[in-house]
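Q: Can you keep this structure in mind? I'll have questions shortly.
Residue numbers (mature numbering (1 follows the signal peptide of the UniProt record, and there is no 0)): -23 to -1, 1 to 604.
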């Protein structure tokens, strides 16, 4: 008999590599089959198999994420995501939807579900063993299966419910399973979650499922299915994607679950208040870059084999990083001002101003966005330090006039060319350091990055927040808004906003000259959610469930052109260091449609199912327009 260590190694290897390459979720004959007897005769090997299932819950600590498929961000290198944003993907050409980093990748997710089913079918046979709680292990598995089905439903709609392993994978009839309705999928998910809630502890080691993670996921999926998309019958024409139940009851369930987590006091919002905006921003930044009391369920990156390389994948090229997913101009201008008002300037191609448009923003802006002149957080490598000798690095996303510069040209949106002696900043696509990796938008994502790490050489250890307490406040506020309990909704938002020194909801609505009514609260809530959950794999689903695809998906992709001219009487030589007393800074909104001509098509409310799956399983129905 193989040793327990060898069995564990084979399980891990088979979970990641040994399943068939074809995507049919039923066509599975894992190499663990011949080891089943050994696996489930020991609690330790069973736990190892459960551990592999966590890997099928896809995090967004990656170069390609759903964030680049929204009006929040743009994927610098285009591949895969452009077809989604231009609505040219299809069942025959999934593009990004076929990638392993898609959270609702069909074949990958069903492989994870297969392993969950395998555990649930056999765990009652596992002998008790000191140090292992079989009830908890079963609860973990049910939670993970519910999470994977939640991802499938949010991305694709109603999907086949597979709750057992196939007894004989060669039987064609066992591979014919129709898509279940949204309502049936929801019931299945909630049943798994209720059983998980009854089995899981309130606390667990970092990265493992708990009772509160299950309650939180319950709040998330109930809110999602209660949303307008699933009540629609004009655009959402496929019956399995329509919810026929009581939406008000779902909003109440979402509210109850979110409140249960909040009222448990098991977690707390991190209080970011401090004397200065910079200090508030720094505290807020730590919420998504450290383990803390606000995080409910996370992906941990504490080993050499499981690494978080978002710092390299999304960081500035002037630090030898890749600028993978970068904020759009639309999202940057979305942040409110320090007093709670909105600044609607610099939102259209050709809009311009002289003077820094980033001054006077709320603290979350500075925690989330890397922009021209912003402090990044680490001294540059030798080649970059020669160009930017500041101790923590000032981002150089523009072109700067210098007396000892060379000939440079700035191409304005109207075709005018501005020429002078100067340099291209080292974080641009014309700069001297890996220009091919520079941001097209002239912005960098900062929120999920530990900027103190040498990202070019070392991954970061930041956890990825699958679920955090802030989302529970947002779910509670949204449910209350839709139930027309507006004072309660405002109270939840006030708590969340107060932790970064934001004015309360009613005062902010007044500043924005908005009434305190359901329509205004809905708009306010959605604005707040977009801000708070930036880069947390939320916006993609929100755009769809709220049915605002036409509004968001048809926005022109824009970035910023930045250049600086010396003020009258001022002189400057290299190295360049940002200084508003020396230079006049010019900002022009840039059209990036030549990179990605974004276009919304209503077929994009639900992702396509791969044609091979449809051909193989004749009971599967394709999502409308995705043939």
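For each residue, glycine too, the CB sits at the ideal point set by N, CA and C. All figures in this text were calculated on a predicted structure; none of them were measured in a lab.
Using the three-state DSSP reduction, which class does residue 459 fall into: helix, strand or coil?
A: helix
Q: Output the residue ranges of the alpha helix (DSSP H) runs that lie fully inside the region 20 to 107 and measure 4 residues or longer, sorted by chain position.
A: 20 to 31, 58 to 62, 83 to 99
Q: Indicate whether the contact test is met: 3 or more Cβ pairs, each with one atom in the region 125 to 136 and one in the region 560 to 579, closer than 8 Å.
A: No, because fewer than three Cβ pairs between the region 125 to 136 and the region 560 to 579 fall closer than 8 Å, the two stretches do not touch.
Q: Taking all protein chains shown into account, decide if residue 221 is buried (16 or more other Cβ within 10 angstroms of its Cβ) or exposed.
A: By the beta-carbon neighbour count (other beta carbons within 10 angstroms, threshold 16), residue 221 is exposed.
Q: Can you round the beta-carbon distance between residue 479 and residue 339 to whole angstroms, since I take them to be within the 8 Å contact cut?
A: 7 Å
Q: What are the boundary residues of the beta strand (DSSP E) that residue 272 is part of?
A: Segment 272 to 276, the beta strand (DSSP E) holding residue 272.
Q: Looking at residue 446: is its Cβ nearer than 7 Å to the Cβ of residue 244?
A: yes
Q: Could you work out which residue in 264, 237, 155 is closest to residue 247 when comparing CA atoms only?
A: The residue with the shortest Cα to Cα distance from residue 247 is 264.
Q: Are the Cβ atoms of residue 425 and residue 238 separated by less than 7 Å?
A: No, Cβ-Cβ distance for residue 425 and residue 238 is not below 7 Å.
Q: To the nearest angstrom, how far is the alpha carbon of residue 387 from that of residue 348?
A: 18 Å
Q: Just the Cα atoms here: how many angstroms apart are residue 71 and residue 521?
A: 18 Å
Q: Please name the residue in 28, 39, 567 whose C-alpha comes closest to that of residue 306.
A: Among 28, 39, 567, the Cα nearest to that of residue 306 belongs to 567.
Q: Identify whether residue 590 lies in helix, strand or coil by the three-state DSSP scheme.
A: helix
Q: I'd like the span of the beta strand (DSSP E) that includes residue 379, first residue to last.
A: 376 to 388
Q: Considering only C-alpha positions, which residue in the set 491, 205, 121, 106 is nearest to residue 33?
A: Cα-wise, what sits closest to residue 33 is 121.
Q: Along the chain, where does the beta strand (DSSP E) that runs through residue 126 open and close?
A: That residue, residue 126, is in no beta strand (DSSP E); its alpha helix (DSSP H) goes 111 to 133.
Q: Quickly, what does DSSP pair residue 563 with across the bridge? List them, please.
A: Beta-bridge pairing links residue 563 to 331, 540.
Q: To which residues of the same chain is residue 39 closer than 6 Å at the C-beta, ignoring the five residues directly before and after it?
A: 78
Q: Kindly indicate the opening and closing residues of the beta strand (DSSP E) around residue 400.
A: 394 to 401
Q: Give a yes or no on whether the C-beta atoms belonging to residue 166 and residue 126 are separated by under 7 Å.
A: yes
Q: By Cβ distance, which residues of its chain are closer than 7 Å to residue 427, with the 5 residues on each side in sequence left out?
A: 266, 288, 437, 439
Q: Ignoring anything shorter than 4 residues, give me the alpha helix (DSSP H) runs that lie fully in the region 397 to 458, in order along the chain.
A: none
Q: On the CB-based measure, 16 or more other CB atoms within 10 Å of its CB, does residue 330 come out buried or exposed?
A: exposed
Q: Under the three-state reduction of DSSP, which class applies to residue 295: helix, strand or coil?
A: Residue 295: helix per DSSP, three-state reduction.
Q: Of the choices 73, 268, 171, 281, whose alpha-carbon is the least far from that of residue 230?
A: 171
Q: In whole angstroms, what separates the C-alpha of residue 604 from that of residue 61?
A: 14 Å
Q: Using CA coordinates, which residue listed in 382, 332, 471 is at the minimum distance from residue 562?
A: In terms of Cα proximity to residue 562, the closest of 382, 332, 471 is 332.
Q: Does the Cβ-Cβ distance between residue 96 and residue 156 come in under 7 Å?
A: no
Q: Which of the three DSSP states is assigned to residue 535 in this structure?
A: Strand.
Q: Where does residue 545 land, buried or exposed, given buried means 16+ other C-beta within 10 angstroms?
A: In the assembly as shown, residue 545 is an exposed residue. Its beta-carbon has fewer than 16 other beta-carbons within 10 Å.
Q: Any idea what DSSP makes of residue 472, helix, strand or coil?
A: helix
Q: What whole-angstrom Cβ distance do residue 468 and residue 502 have, given they're in contact under 8 Å?
A: No, residue 468 and residue 502 are not in contact; Cβ-Cβ is about 13 Å, not under 8 Å.
Q: Tell me whether residue 83 is buried or exposed, calling it buried when 16 or more other Cβ atoms sit within 10 Å of its Cβ.
A: buried
Q: For residue 346, does the three-state DSSP call read helix, strand or coil?
A: strand
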